[in-house]
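**Student:** The structure is given below, and queries will be raised subsequently.
Residue numbers (the numbering used here): 5 to 551.
As C-alpha cells, this is what we get:
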C-alpha cells in the first residue's frame, strides 16, 4: 500500500524523503512506503526554505503548471536539487484545465530541461487525482531509500514554538533513534535537553513512541529560548553538515502607527520570530517616529508578508521606512563597516560596495525588446539571452537595491504579467552612491534619508520635495523643503504660509492703523518661525510618502 503524509496541493514544488518500513516496524518484509513531502514556496526570497528542505530528502518532484509553463524559479530550484545530488522526477500539473497545446509545450520544455524523453514526464491533475497514483509509484521506484549512519544524528530543517512544549524542531533522522525522555544535545548550540515528545506529521503533529533512521518527524525540546534552536543544527552525537543560516539582505525600519502600541509591536514581532527565525529585529529610536525596530528580511516580499501578518494576526499597524540593502563602506582610516540604515551612512569615506544579484528572467520572446529597455533604469549588465521556441531566458547582473525598488512591477508591466524572475546574490561591487537627506523648516527628517545612485540623486530629490509639498500641512509660516546631498541643496520647494486678513474688519480710516496690524502679524510669524524646530512631521505624512 502507499500512504502519504501531506496534502497533494500541487502548485508548489515538492521535495520528498521516502523511507520504507511496515506499519508496525516489526516485520522483516517491507509492505508500506512512507512518503514525507515538504512544500516549499516558489519565490526567490524564500530560496533558503528550498535549500534547507534539500538537506532532508533523497528526491524531488519538479512540478510545472501546464497552463504557465516553466518559470524562472523552476530553473533555480532544479539547479539546487541537482547540486544536492537528488533524484529529480519531472511532472506537469493541471492537465484537466490546460489545452492540448499547452500540455505538449510543457512536456517538451520539461523533457529538454531534465534531458529525458517526453514519456518519462508524468502528467497529473492534483484537482481530479488523475495520474497521482502513477506519480507516487514512480517516486517509490526511482527515489532511493534513506542511508543510515552509525551515530545518533537528526538535522533540524524547520521549527515552531509551543507554549507548553517549547521549541518543536522539525528533523530528519540520519542515524540512531529518538524517543520521549531521552537526554540529548544540540551540538551547534552546545546545549543539553530532555526530549518531551516525538512524532510525525500527518499533516498535523501526531505523537509517536520513537523516531528511527530515515524518518522525518518532530522533536519537542522543551527549550523556551527560540534562538537556541537554529535551523541547520544537529541533535544527537555526531554533527551533520548543516544548512547555512540565511542572512537578511533587505532592511526596513518599522514603527507603530500609534506610539502607545510600541510594546504590542515588540511582543508581536517576537512571536512571529518564533515561527520565522529568518528575519532579524533591532530596537531603534527616531526623533520623529518614536521607538521602533530595524528589521532585516530575506527580500522585499518577505518583509511585506511580515508586515501583513502583523496587521492580520496581531492587529498592529506599522509605518515603514524605504527598503534598503546592506552596504560595505571603507572609511578614510581604512576600516570597513556595514551600513544597513541610511542614517548611519558616513559623510566621509573612500569606497562603497553594494550587493549584486544574478537575475534570471523567463518571458515571451515578443517582450524581449521591452525588457531590455529596462537596462538603463535598473543598471543591468552582463546580459545574455537564450531563445527557446516562443520563450526567452534572460540572465543579467544588477544591484540588489534596484531589484527591491519597483523592478517586479515594471517587469510585469512591460510583459503584460507573463514574465517571471528569480535571483541570487553573487557578489559585492563598487558603487557610486550618495546619501540624500531631507530638511523641513530647517529640521532634518531622519526617517526620509535614503542611499541613492549618484546619477539618480537629482531626479529622486525633485520627486521627494514635490511630493512633500503636496502632502505636508500648511502652517502660519512658510516652510522650506530641501533635499540635501554632500551638504549642498539640490532641490527645494516652499510651502507658503497660511494667510489671515487681520484688517478685514476695518472699512476705512487711517492707513497707519492697518500698517500697525500688518507689522504685528509679521512679528508674530517671525516668532512662530523660530519655534518651528518644535514642530514634527505628522506620522501620516510618512505613510503617504512611503506608499
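Cβ coordinates follow ideal geometry from the N, Cα and C atoms, glycine included. Values in this document were obtained by computation on a predicted structure and should not be read as measured data.
Once you ignore the five residues that flank residue 394 on each side, which residues in its own chain have a CB closer than 7 Å to its CB?
**Tutor:** Numbered from 1 along the chain shown, position 390 holds the residue referred to as residue 394. If we look at residue 394 and ignore the five residues flanking it on each side, its Cβ neighbours are 368, 369.
**Student:** Entirely within the segment 455-483 and at least 4 residues each: give me those alpha helix (DSSP H) ranges in chain order.
**Tutor:** The qualifying runs are 461-475.
**Student:** Going along the chain, which residues of its own chain have a beta-carbon closer than 6 Å to the beta-carbon of residue 508, five neighbours each way excluded?
**Tutor:** Looking up residue 508 in the chain shown gives position 504. Only weak support exists for where residue 508 lies, its pLDDT of 49 falling under 50; the coordinates are left without a value.
**Student:** Let me know the alpha helix (DSSP H) ranges lying completely inside the segment 294-367, each 4 residues or longer, listed in chain order.
**Tutor:** Qualifying alpha helix (DSSP H) stretches, in chain order: 304-318.
**Student:** Let me check one thing: in DSSP terms, what residues is residue 128 bridge-paired to?
**Tutor:** Your numbering for residue 128 matches position 124 in the chain shown. Paired residues: none, contrary to the question.
**Student:** Have a look at residue 239 and residue 274 and give me their C-alpha separation to the nearest angstrom.
**Tutor:** Sequence index remark: in the chain shown, residue 239 carries index 235 (1-based). Sequence index remark: in the chain shown, residue 274 carries index 270 (1-based). Whole-angstrom Cα-Cα distance: 24 Å.
**Student:** By DSSP's criteria, residue 379 is part of a beta bridge. Which residues make up the other side?
**Tutor:** For the purposes of this step, residue 379 is identified with residue 375 of the chain shown, where counting begins at 1. Answer is none; residue 379 lacks a bridge partner.
**Student:** So does the segment 369-385 actually touch the segment 333-341, counting three or more Cβ pairs closer than 8 Å?
**Tutor:** They do not touch, by the three-pair rule.
**Student:** So, is residue 155 buried or exposed, given that buried needs 16 or more other C-beta atoms within 10 angstroms?
**Tutor:** Position 151 of the chain shown, counting from 1, holds the residue named residue 155. Under this definition residue 155 is an exposed residue.
**Student:** Quick check: what's the CA-CA separation for residue 160 versus residue 185?
**Tutor:** Here residue 160 is taken as the residue at index 156 of the chain shown, counted from 1. Here residue 185 is taken as the residue at index 181 of the chain shown, counted from 1. Their Cα atoms are separated by approximately 19 Å.
**Student:** State yes or no: is the C-beta of residue 128 within less than 8 Å of the C-beta of residue 95?
**Tutor:** By 1-based counting over the chain shown, the position of residue 128 is 124. By 1-based counting over the chain shown, the position of residue 95 is 91. It is a contact, given that the beta carbons lie within the stated cut-off.
**Student:** Give the single residue among 254, 479, 452, 199 whose Cα lies nearest to the Cα of residue 290.
**Tutor:** Numbered from its first residue, the chain shown carries residue 290 at position 286. Among 254, 479, 452, 199, the Cα nearest to that of residue 290 is on 452.
**Student:** Just tell me which of 353, 270, 333, 348 has its CA closest to the CA of residue 319.
**Tutor:** The residue labelled residue 319 in the question sits at position 315 within the chain shown. Residue 270 is the option with its Cα nearest to residue 319.
**Student:** Using the Cα positions of residue 55 and residue 84, report the straight-line distance between them to the nearest angstrom.
**Tutor:** Residue numbering aside, residue 55 sits at position 51 when the chain shown is read from its first letter. Residue numbering aside, residue 84 sits at position 80 when the chain shown is read from its first letter. Straight-line Cα distance between these residues: approximately 7 Å.
**Student:** Please work out which residues of its chain come closer than 6 Å, Cβ to Cβ, to residue 4, disregarding the five sequence neighbours upstream and downstream, and give them in chain order.
**Tutor:** Residue coverage of the chain in this structure runs from 5 to 551, which leaves residue 4 outside it and unanswerable.
**Student:** Return the residue from the list 234, 191, 205 that minimises the CA-CA distance to residue 241.
**Tutor:** For the purposes of this step, residue 241 is taken as residue 237 along the chain shown, with counting starting at 1. If we check each option's Cα against that of residue 241, 191 comes out closest.
**Student:** If distances are taken between C-alpha atoms only, which option among 62, 66, 457 comes closest to residue 115?
**Tutor:** Locating residue 115 in the chain shown gives position 111, where the first residue counts as 1. The shortest C-alpha separation from residue 115 is found at 66.
**Student:** Quick check: residue 404 and residue 329, are their CB atoms within less than 8 Å of each other?
**Tutor:** As a position in the chain shown, residue 404 is number 400, starting the count at 1. As a position in the chain shown, residue 329 is number 325, starting the count at 1. Contact: yes.
**Student:** Does the pairing of the segment 117-124 with the segment 196-207 give three or more beta-carbon distances under 8 Å?
**Tutor:** In short, these stretches do not touch, since the Cβ pair count stays below three.
**Student:** Would you kindly report the start and end of the unbroken beta strand (DSSP E) that includes residue 284?
**Tutor:** On the chain shown, position 280 is the one that residue 284 refers to. That run of the beta strand (DSSP E) goes 284-290.
**Student:** Does DSSP put residue 55 in a helix, a strand or coil?
**Tutor:** If you number the chain shown from 1, residue 55 lands on position 51. Residue 55 falls in the helix class under three-state DSSP.
**Student:** Can you tell me whether residue 483 is buried or exposed? The criterion is at least 16 other CB atoms within 10 Å of its CB, across all chains shown.
**Tutor:** Counting from one through the chain shown, the residue named residue 483 turns up at place 479. Residue 483 is buried by the Cβ-count criterion.
**Student:** Which residues mark the beginning and the end of the beta strand (DSSP E) in which residue 496 is found?
**Tutor:** On the chain shown, residue 496 is found 492 positions in, with the first residue counted as 1. Where residue 496 is concerned, the enclosing beta strand (DSSP E) stretches over 492-499.
**Student:** Of all the options 419, 346, 334, which has the alpha carbon lying nearest to the alpha carbon of residue 376?
**Tutor:** Translated into positions along the chain shown, residue 376 becomes position 372. Here the closest residue by C-alpha is 419.
**Student:** Below 8 Å between beta carbons: does that hold for residue 217 and residue 278?
**Tutor:** As a working mapping, residue 217 is identified with position 213 in the chain shown. As a working mapping, residue 278 is identified with position 274 in the chain shown. Against a cut-off of 8 Å, the Cβ pair of residue 278 and residue 217 comes out as no contact.
**Student:** Which of the three DSSP states, helix, strand or coil, is assigned to residue 260?
**Tutor:** Locating residue 260 in the chain shown gives position 256, where the first residue counts as 1. In the structure shown, residue 260 sits in a strand (DSSP, three-state: E or B).
**Student:** Taking residue 361 as the reference, give the member of 53, 400, 332, 390 with the closest Cα.
**Tutor:** As a first step, residue 361 is located in the chain shown; it is residue number 357 there, counting from the start. The option with the nearest alpha carbon to residue 361 is 400.
**Student:** So what's residue 232 in DSSP terms, helix, strand or just coil?
**Tutor:** In the chain shown, the residue the question calls residue 232 occupies position 228. Reduced to three states, the DSSP call for residue 232 is helix.
**Student:** Alpha carbon to alpha carbon, what distance is there between residue 157 and residue 243?
**Tutor:** In the chain shown, the residue the question calls residue 243 occupies position 239. In the chain shown, the residue the question calls residue 157 occupies position 153. The alpha-carbon atoms of residue 243 and residue 157 are separated by roughly 7 Å.
**Student:** Could you spell out where the beta strand (DSSP E) holding residue 4 opens and where it closes?
**Tutor:** Given a span of 5 to 551 for the chain in the structure shown, any question on residue 4 remains unanswerable.
**Student:** Along the chain, where does the beta strand (DSSP E) containing residue 392 start, and where does it finish?
**Tutor:** The residue labelled residue 392 in the question sits at position 388 within the chain shown. Counting along the chain, the beta strand (DSSP E) containing residue 392 begins and ends at 385-392.
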